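Taken in sequence, the protein lines are chains V and Y. Each residue of the first sequence is one higher than the last, beginning at 3 in the numbering used here. Each residue of the second sequence is one higher than the last, beginning at 19 in the numbering used here. I have placed the structure first, in the form of structure tokens, so that the comments after it can refer back to it.
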Amino acid sequence: MREFGYLRPTGVAEAVELLAADPGARYLAGGTNLVDLMKLGVERPRLLVDLGRLPLRDIGPTGDGGLRIGALARNADLAADPRVRASYPVLSQALLAGASGQLRNVATTAGNLLQRTRCPYFQDTAKPCNKRLPGTGCPAREGVHRDLAVLGASEHCVATHPSDLAVALAVLDATVELLGPDGARTLPVTDLHRLPGDRPDLEHRLLPGELITAVTLPPPAPGARSAYRKARDRASYAFALASVAAVLVVRGSRVERVGIAFGGLAAKPWRARTAEAMLLGASADEASFRAAAEAELAAARPLRDNGHKVPLARNLAVRVLSDLALESVR
Amino acid sequence: MTDHVRLEGRAKVTGAARYADDRRPPGAVHACPVPATVARGEVTAVDPGPADRSVLAVLTHLDAPRLADAGDPTLAVLQSARVAHRGQIVALVVAETPEAARHAAAQVRVEYAEEPHDVTLVEDHPGVYAPEEANGGHPADRVRGDFGAAYAAAELRIDATYRIGPLHNHPMEPHASTAEWQGDRLTVHDSSQGGHGVRKTLATLFGLPEDQVLVVNEHVGGGFGSKGTARPNVVLAAMAARVVGRPVRLALPRAQLPALVGHRAPTVQRVRLAAGRDGRIEALAHEILTRSSTLKEFVEQAAVPARVMYRSAVSLTTHRVVRQDVPTPSWMRAPGEAPGMFALESAMDELASACGLDPVELRLRNEPEVEPDSGKPFSSRSLTACLREGARRFGWAGRDPRPGVRREGRLLVGTGVAASTYPVLIAPSSAEVRAEPDGGYLVRVNAADIGTGARTVLALVAAEVLAVPSDRVRIEVGRTDLPYGSVAGGSSGTSSWGWAVHEAATRLRGRLAGGAPVPARGLSERADTRELVGRGTEFARHAFGAQFAEVQVDTDSGEVRLRRLLGVFAAGRILNVRTARSQLVGGMVMGASMALLEESTMDPGFGDHTERDLASYHVAVSADVPDVQAYWVEEEDTHVSPLGSKGIGEIGIVGTAAAVANAVHHATGLRVRELPVVSRRLGEALA
Numbered sequence: 003m004r005e006f007g008y009l010r011p012t013g014v015a016e017a018v019e020l021l022a023a024d025p026g027a028r029y030l031a032g033g034t035n036l037v038d039l040m041k042l043g044v045e046r047p048r049l050l051v052d053l054g055r056l057p058l059r060d061i062g063p064t065g066d067g068g069l070r071i072g073a074l075a076r077n078a079d080l081a082a083d084p085r086v087r088a089s090y091p092v093l094s095q096a097l098l099a100g101a102s103g104q105l106r107n108v109a110t111t112a113g114n115l116l117q118r119t120r121c122p123y124f125q126d127t128a129k130p131c132n133k134r135l136p137g138t139g140c141p142a143r144e145g146v147h148r149d150l151a152v153l154g155a156s157e158h159c160v161a162t163h164p165s166d167l168a169v170a171l172a173v174l175d176a177t178v179e180l181l182g183p184d185g186a187r188t189l190p191v192t193d194l195h196r197l198p199g200d201r202p203d204l205e206h207r208l209l210p211g212e213l214i215t216a217v218t219l220p221p222p223a224p225g226a227r228s229a230y231r232k233a234r235d236r237a238s239y240a241f242a243l244a245s246v247a248a249v250l251v252v253r254g255s256r257v258e259r260v261g262i263a264f265g266g267l268a269a270k271p272w273r274a275r276t277a278e279a280m281l282l283g284a285s286a287d288e289a290s291f292r293a294a295a296e297a298e299l300a301a302a303r304p305l306r307d308n309g310h311k312v313p314l315a316r317n318l319a320v321r322v323l324s325d326l327a328l329e330s331v332r
Numbered sequence: 019m020t021d022h023v024r025l026e027g028r029a030k031v032t033g034a035a036r037y038a039d040d041r042r043p044p045g046a047v048h049a050c051p052v053p054a055t056v057a058r059g060e061v062t063a064v065d066p067g068p069a070d071r072s073v074l075a076v077l078t079h080l081d082a083p084r085l086a087d088a089g090d091p092t093l094a095v096l097q098s099a100r101v102a103h104r105g106q107i108v109a110l111v112v113a114e115t116p117e118a119a120r121h122a123a124a125q126v127r128v129e130y131a132e133e134p135h136d137v138t139l140v141e142d143h144p145g146v147y148a149p150e151e152a153n154g155g156h157p158a159d160r161v162r163g164d165f166g167a168a169y170a171a172a173e174l175r176i177d178a179t180y181r182i183g184p185l186h187n188h189p190m191e192p193h194a195s196t197a198e199w200q201g202d203r204l205t206v207h208d209s210s211q212g213g214h215g216v217r218k219t220l221a222t223l224f225g226l227p228e229d230q231v232l233v234v235n236e237h238v239g240g241g242f243g244s245k246g247t248a249r250p251n252v253v254l255a256a257m258a259a260r261v262v263g264r265p266v267r268l269a270l271p272r273a274q275l276p277a278l279v280g281h282r283a284p285t286v287q288r289v290r291l292a293a294g295r296d297g298r299i300e301a302l303a304h305e306i307l308t309r310s311s312t313l314k315e316f317v318e319q320a321a322v323p324a325r326v327m328y329r330s331a332v333s334l335t336t337h338r339v340v341r342q343d344v345p346t347p348s349w350m351r352a353p354g355e356a357p358g359m360f361a362l363e364s365a366m367d368e369l370a371s372a373c374g375l376d377p378v379e380l381r382l383r384n385e386p387e388v389e390p391d392s393g394k395p396f397s398s399r400s401l402t403a404c405l406r407e408g409a410r411r412f413g414w415a416g417r418d419p420r421p422g423v424r425r426e427g428r429l430l431v432g433t434g435v436a437a438s439t440y441p442v443l444i445a446p447s448s449a450e451v452r453a454e455p456d457g458g459y460l461v462r463v464n465a466a467d468i469g470t471g472a473r474t475v476l477a478l479v480a481a482e483v484l485a486v487p488s489d490r491v492r493i494e495v496g497r498t499d500l501p502y503g504s505v506a507g508g509s510s511g512t513s514s515w516g517w518a519v520h521e522a523a524t525r526l527r528g529r530l531a532g533g534a535p536v537p538a539r540g541l542s543e544r545a546d547t548r549e550l551v552g553r554g555t556e557f558a559r560h561a562f563g564a565q566f567a568e569v570q571v572d573t574d575s576g577e578v579r580l581r582r583l584l585g586v587f588a589a590g591r592i593l594n595v596r597t598a599r600s601q602l603v604g605g606m607v608m609g610a611s612m613a614l615l616e617e618s619t620m621d622p623g624f625g626d627h628t629e630r631d632l633a634s635y636h637v638a639v640s641a642d643v644p645d646v647q648a649y650w651v652e653e654e655d656t657h658v659s660p661l662g663s664k665g666i667g668e669i670g671i672v673g674t675a676a677a678v679a680n681a682v683h684h685a686t687g688l689r690v691r692e693l694p695v696v697s698r699r700l701g702e703a704l705a
């Protein structure tokens, strides 16, 4: 059988060292995605560096009133955290919309951010896939793609990022803390993932050996309301057809601050900068929200069978923003 | 009516129950199949990959044991270089551990002479033909009167085409087998709905007398028809065990099930109804296009229920099929009835709208006196009682028929109804009932309890005949060294095995009537119902039911959610309340799943079903079925069997999909004629 090494370091620096020393090594956190992919033969690590013993599970306040989430915080724990529920409802809602109770009990914050696409061609090693084997092609473009990307895709790849959590973190302006062989640095969550371009195998901007140690959230803006809305065909345990995370501050009847991110539409959480720019200072009403969503989604390039995602995402955005605006004036 | 807990319930929830892949004979090794990666062609070379000490064998068509013809080409595994569909097995790896077998299987390199394939079902396919008969032995075509003339002359006409894609059985327990040879005797533990059928097939394939094959299936984790016959897993396990001289375990990975264990074939169904303004049907046509593989003809008999349901002077029901380079379809819970009644009952809803009639009333008006196509009287038919009782329980009265007008905030709400039917099938079986000297009784019959509660019900049948408390009755099922039991399929198990148990228990009761003491070795009676069942009947025998559904549709997203599902059934005498309700509710849940969730796509380029895991092939979970209720009307049908009962395994699914889709129409005004009714089929229209 395919043998692999397995190590359980107790220190963060040790984990980084182990991974940096072996290009065939992979970090193992909750294992809800990596182990599946190993069984499918998509991932073939030579060494697993199990992070389970690292002290990265805490969720605690930051000096400026934000929240610092350890990379290994479990999705279930994070969703239930009273501070998250009170100040960042969008995050709690996104977590609870993802996976199943069993999976949330073991899946981790950083693992969730770095999970791989559920594109059926990526998961089937008997088929070509540019993401899995660069240069082999993308059969999804002509094949079964009704759940795949409409934004930011390329001729080389139309995969989507499956995470709900990532969409919420993107709209919250979260930062990931990284530790690598060359030291520590931070990266905005919105810069963590890459669009496919001609290298769909490169999915994120981590350097070799780099480990996400924490995710930090800035303090919530005064008066901010936030929500996550996910559309899916099954009432539980299904990836998003499209999802929206939004944060809104309304002053008077005007939009003072706004953040919008889409899930299920692209290879990364899609921060809707065009829509946000249009809405700043605009009237906080359904017509503005619709115009902004449509402007953002004008960039969509649907394939044969996934055009339904565009009006769906627009409707979800209009609904979430309208509901938040209504809440704000109450 | 009794309300008895499942006899094996404790064993199941404590993990004591042993399934086919739980067997660990000493020295057991593991097999993993290698699926074809082309849709059509020939294997030209097989490279087993790097040598690995834990790999015991890599079998291919060149060196696998030769098998005799058992009449099922899907079981002729590794017998030729031909590849009939993607996912067909082209090699088998046997290794010391499951992990080693899986890894080695992934290392096997197969080369093919690939040929162009044909996997897309289109209505004008040049290969479409009329089969001799459809599944179940039904004639492919039935014609009464001149449909064209009657249709043209009618006041109201409905002409609609409905589509259902392939559907997959996906039982919780995958298809698994553990096989062991002792000389020329073969023992298999097989996840099967019918051990005797598997025994006969294995005996034929391996050229053995049947009594040298023992098939054990004590616990089976569901099947829905896919385990109704021997599948490739048991043949491969037996083959591998013979080659390596050790017991072999083989559990098919879930991703391989869609290609290897059968599935519900896709159907394109045109229904035409001609009626007067009063809703009375004058002519009915139901025409099916379906497909099968090049290996084997299987014709989903979806037009057959239209021959049973409604009065019409003129009728045309036909089946057409095309053979393509796809996996072979087979039985899936209520083959024919489940897809056929989706179309027919949707069309009835369209007719009700067209003539401004309540859909319950429309069905009552079209109730036939005799079975329309055969002219036979019904042994019993309580459809009208089901419709009325269902309407009462559901709260149907006062329903506003207008579509798309009930809003609750951003939601649209609607209700729908559909009728259901399923034939009464009974097969010959044998059973033994023994009185023990300690006052206990033992029932022995090779029934397959696939989660239906069969052993519980059969013990109750014996207890009732013997007039003893049920806790004095033990039962043995699931072994071919027990008296012959027919397959657990076609909702026939309880009637078939139960009749034999009833007969044997009745004879034993006669022997015990004098009050003589039971001898030390016990006293037993056997029965074989071949004669009794074979006598035939002058009656049309079917179970009936009515399903009512309430749905909500989100106007922003098009997401459809089921709120309530209520079914009332007439299925003869209900023998055990608890397991019966569970079966009916289970069928309805599966029907709701078919209506709203289950979707499989044939990839045109690769020729395989794309959704091959339970993350992408959506089956209903608890959150999708918040409120499902099953009831029944009193009915005891002695024209069927001495038990007075009809089958209940399948009728729950029939009609449910149409009730749900009809409710979506009532909610939104949109008629979705293709399953599943997912948001993308509604979304833009609602935006």
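Heads up, the beta-carbon is just placed ideally off N, CA and C, and yes, glycines get one too. As the structure is a computational prediction, the values presented were derived from the model and not from experiment.
Grab the span of the beta strand (DSSP E) containing residue i for me, first residue to last.
i                     : result
residue 111 (chain Y) : 107-113
residue 568 (chain Y) : 560-572
residue 130 (chain Y) : 127-132
residue 48 (chain Y)  : 47-53
Take residue i as the anchor and find which of the options has the nearest alpha-carbon.
i                     : options                    : result
residue 546 (chain Y) : Y:295, Y:446, Y:194, Y:697 : Y:446
residue 644 (chain Y) : Y:584, Y:68, Y:430         : Y:584
residue 639 (chain Y) : Y:610, Y:694, Y:656        : Y:610
residue 667 (chain Y) : Y:175, Y:623, Y:261, Y:590 : Y:590
residue 199 (chain Y) : Y:185, Y:215, Y:259        : Y:259
List the endpoints of the continuous alpha helix (DSSP H) containing residue i.
i                     : result
residue 219 (chain Y) : 213-224
residue 141 (chain Y) : Note, residue 141 (chain Y): premise wrong, no alpha helix (DSSP H); not H, not E.
residue 337 (chain V) : Absent from the model: residue 337 (chain V). The displayed extent of chain V is 3 to 332, so no value can be given.
In chain Y, which residues lie less than 7 Å from residue i when you measure between Cβ atoms?
i                     : result
residue 144 (chain V) : 623
residue 240 (chain V) : 636
residue 128 (chain V) : 55
Per DSSP, residue i forms a beta bridge with which residues?
i                     : result
residue 587 (chain Y) : Y:563, Y:650
residue 199 (chain Y) : Y:204
residue 272 (chain V) : V:264
residue 242 (chain Y) : Answer is none; residue 242 (chain Y) lacks a bridge partner.
residue 438 (chain Y) : Y:563
residue 232 (chain V) : V:245
residue 493 (chain Y) : Y:461
residue 147 (chain Y) : Y:339
At 7 Å on the CB atoms, spell out the chain V contacts of residue i, in chain order.
i                     : result
residue 574 (chain Y) : 317, 318, 321
residue 615 (chain Y) : 235, 236
Along chain Y, in chain order, which residues have C-beta atoms closer than 8 Å to that of residue i?
i                     : result
residue 2 (chain V)   : This structure cannot settle anything about residue 2 (chain V), because the visible part of chain V is limited to 3 through 332.
residue 328 (chain V) : Residues of chain Y passing the Cβ test: none, with the nearest at roughly 12 Å.
Are the segment 235-251 of chain V and the segment 131-143 of chain V touching, with three or more C-beta to C-beta distances below 8 Å? Of all C-beta pairs linking the segment 235-251 of chain V to the segment 131-143 of chain V, fewer than three are shorter than 8 Å, placing the two stretches out of contact.
Using 8 Å as the cut-off, can you tell me whether the segment 195-208 of chain V makes contact with the segment 67-85 of chain V, which would need three or more C-beta pairs spanning the two stretches below that distance? No, the segment 195-208 of chain V does not touch the segment 67-85 of chain V.
For the structure I just gave you, are there three or more beta carbon pairs, one from the segment 304-313 of chain Y and one from the segment 233-250 of chain Y, closer than 8 Å? no
Could you tell me whether the segment 157-172 of chain Y touches the segment 289-297 of chain Y, using the rule of 3 or more Cβ pairs below 8 Å? Under the Cβ criterion (8 Å, minimum of three pairs), the segment 157-172 of chain Y counts as touching the segment 289-297 of chain Y.
Counting pairs of Cβ atoms below 8 Å between the segment 111-121 of chain Y and the segment 322-342 of chain Y, do you hit three or more? Because the criterion of three Cβ pairs below 8 Å is not met, the segment 111-121 of chain Y and the segment 322-342 of chain Y do not touch.
Pairs of beta-carbons, one from the segment 623-637 of chain Y and one from the segment 495-505 of chain Y, closer than 8 Å: are there three or more? no
Could you tell me whether the segment 453-468 of chain Y touches the segment 427-437 of chain Y, using the rule of 3 or more Cβ pairs below 8 Å? No, because fewer than three Cβ pairs between the segment 453-468 of chain Y and the segment 427-437 of chain Y fall closer than 8 Å, the two stretches do not touch.
With three or more C-beta pairs closer than 8 Å as the rule, is the segment 372-380 of chain Y touching the segment 532-550 of chain Y? The segment 532-550 of chain Y vs the segment 372-380 of chain Y: no contact.
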